[in-house]
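Trainee: Numbering (the UniProt record's numbering), first residue to last: 1 to 290. Think of the CB as a built atom: it goes at the ideal place given N, C-alpha and C, for glycine as much as any other residue. What you are looking at is a predicted structure, and each value in this text was computed from that prediction instead of being measured.
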């Protein structure tokens, strides 16, 4: 199953077709996308019998109408240094346990947004994002997949100066400016992938002149701690709630790890893509420095 937030309404997606869930279900499911995650198994059961493309209420998918697939998550959890090569480029040791921080939920945005640069050191971090379905506490790794709604694409945008300005560092503040957690374009259930543990992930910067530079090019099979391990570790402490987001970490290639360092500037566009899910796009606009 593939779902989207279509202009604030829950929708099923198949190719370039989209179907409003509340309309097609006769009101059995409400339009609010956040409500879907608490009823995920019921929604999947209903959707499995729906011919989206052939449905009389289906319409053409308009990407411009897509909003954040989980627009009001109660928790947005980030995992740091979860790819070995990224830890190395950051000059930090490989963690023995997941490095956990938060991105405040007001930073969540849709898949195609403008981002005002709050400083001169805004960095990119392409990430596979886990969207929680049933959730819960004390979830064993073996049971994790049954508690997950699906995967989506995310960017853990980070203002590095703010992130590292104090001791201890201010990870959560530096990663929570407006539109610093764009996600989308859809949520894809794990059964839709040939192998949900091996997905290519990339980030590309498009310059003002239109030239493109692939800055990240990795695979989720390089995660230090797997999705299942993260769910087990997090749920041992935190109750994972329907619609929560877990940013699982970024592969190597971030700007802070380059020599010389390289950060996003006014007029650039960032495209982040994950195999089997799609892409998100952010355009960057100069703002006042923090």
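1) For residue 161, report the span of its alpha helix (DSSP H) as first-last.
2) Should residue 147 go down as buried or exposed, given a rule of 16 or more other Cβ atoms within 10 Å for buried?
3) According to DSSP, residue 20 sits in a beta bridge with which residue or residues?
4) Over what stretch of residues does the beta strand (DSSP E) that includes residue 214 continue unbroken?
5) Return the CA-CA distance between residue 210 and residue 142, expressed in angstroms with no decimal places.
6) Return the CA-CA distance between residue 73 and residue 55, expressed in angstroms with no decimal places.
7) I'd like the span of the beta strand (DSSP E) that includes residue 153, first residue to last.
8) Using only the alpha-carbon positions, how far apart do residue 268 and residue 29 sit?
9) Please report the straight-line C-alpha distance between residue 290 and residue 58, rounded to a whole angstrom.
10) Going by C-alpha distance, which of 168, 179, 44 is nearest residue 114?
11) Between the alpha carbons of residue 205 and residue 110, how many angstroms are there, rounded?
12) Would you list, in sequence order, the uninterrupted beta strand (DSSP E) runs of no fewer than 3 residues that lie entirely inside the stretch 113–149?
13) Pull the bridge partners of residue 78 from the DSSP assignment, please.
14) Taking the CB atoms as reference points, tell me whether residue 187 and residue 150 lie closer together than 8 Å.
15) Less than 7 Å separating the Cβ of residue 254 from some heavy atom of the ligand HEM?
16) Assuming contact is defined by CB atoms lying nearer than 8 Å, are residue 69 and residue 184 in contact in what I supplied?
17) Looking at the structure shown, is residue 184 part of a helix, part of a strand, or coil, going by DSSP?
Mentor: Judging by the given coordinates:
1) 160–164
2) buried
3) 11
4) 212–219
5) 46 Å
6) 30 Å
7) 148–155
8) 40 Å
9) Residue placement at residue 290 is flagged as unreliable, the pLDDT there being 43, under the threshold of 50; the coordinate-derived value follows with that caveat. Spanning the two alpha carbons is a distance of roughly 46 Å.
10) 179
11) 18 Å
12) 126–132
13) 101, 247
14) yes
15) Annotation note on the ligand HEM: not contained in the displayed structure, which lists no ligands.
16) yes
17) strand
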